[in-house]
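Counting along the sequence shown from 1, when you hit position 137 you're at 138 in my numbering, and nothing is skipped either side. Quick reminder that beta carbons are idealized off the backbone N, C-alpha and C, glycines included. Since this is a predicted model, take the numbers as computed values, not measurements. In what follows, a single structure is set out as structure tokens and then discussed.
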Amino acid sequence: MKLVLVLAAASVALLTALPTPAHHSFAAEFDGTKPVRLVGAITRIEWTNPHSYFYLDVKDSKGEVHNWAIESGNPGALSRRGWKKGDIKLGDTLIVDGYLAKDGSRLIDGRRVKLPDGRFVYGGSAGDGGPGDPSVEAPTAQAVTGAAKP
2 MKLVLVLAAA
12 SVALLTALPT
22 PAHHSFAAEF
32 DGTKPVRLVG
42 AITRIEWTNP
52 HSYFYLDVKD
62 SKGEVHNWAI
72 ESGNPGALSR
82 RGWKKGDIKL
92 GDTLIVDGYL
102 AKDGSRLIDG
112 RRVKLPDGRF
122 VYGGSAGDGG
132 PGDPSVEAPT
142 AQAVTGAAKP
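Right, here's the structure in full:
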């Protein structure tokens with residue numbers, strides 16, 4: 002009986018010591034003072050937890066195309082906000098208002114997304130401490146990046 006208890010305790014200790022994926026707050030990764038608007042064609046879509054990602058080819062002011070990652074809420078949260086997986090497909094053009102990553106990478110927190118059918122959906126993660134709320138209100142100051150051609 003003692004052996005069973007020791008093995009059970011050791012198992013619990015090992016399981017609690019394993020690393021787990023971390024969910025982060027908005028402020029941990031993004032800069033709320035750096036709003037941005039991206040217009041580009043979808044190159045990849047990842048409907049994953051705890052965040053979904055989609056990627057856009059965006060043409061900059063010099064005509065160079067760069068691939069940007071847009072982080073958004075999890076698939077369930079996006080669905081509750083009116084966003085369905087079938088609403089976007091590879092090659093579609095989106096307009097995304099969000100906030101730049103603090104590390105300078107081509108990653109933004111996508112807060113407001115204009116879908117190809119003209120609807121606006123909120124893409125942020127509810128309760129993450131980021132600017133705005135699940136509404137169609139856009140950031141007030143925006144850096145505008147040109148449209149990419151699919």
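Beta-ladder partner(s) of residue i, from DSSP
i, result
"residue 75", "Paired residues: none, contrary to the question."
"residue 47", "54"
"residue 89", "Beta-bridge pairing links residue 89 to no other residue."
"residue 41", "95"
"residue 69", "57"
Span of the alpha helix (DSSP H), counted from its first residue to its last, around residue i
i, result
"residue 30", "27-30"
Inter-residue Cα distance where the pair is residue i and residue j
i, j, result
"residue 93", "residue 67", "16 Å"
"residue 95", "residue 72", "14 Å"
"residue 50", "residue 32", "22 Å"
"residue 76", "residue 48", "6 Å"
"residue 34", "residue 110", "12 Å"
"residue 80", "residue 100", "22 Å"
"residue 88", "residue 117", "8 Å"
"residue 119", "residue 41", "15 Å"
Contacting residues, own chain, Cβ-Cβ under 8 Å from residue i (five flanking each side not counted)
i, result
"residue 121", "113, 114, 115 and 137"
"residue 44", "56, 57, 58, 68 and 91"
Boundaries of the beta strand (DSSP E) in which residue i is found, first to last residue
i, result
"residue 53", "53-60"
"residue 98", "94-102"
"residue 116", "It is not in any beta strand (DSSP E) - residue 116 carries neither H nor E in the DSSP assignment."
Beta-carbon contacts of residue i that lie in its chain and below 7 Å, excluding the five residues immediately before and after
i, result
"residue 30", "102 and 103"
Q.
I'd like to know if the region 101-113 and the region 76-91 are in contact, where contact means that at least 3 CB-CB pairs between them fall below 8 Å.
A. no
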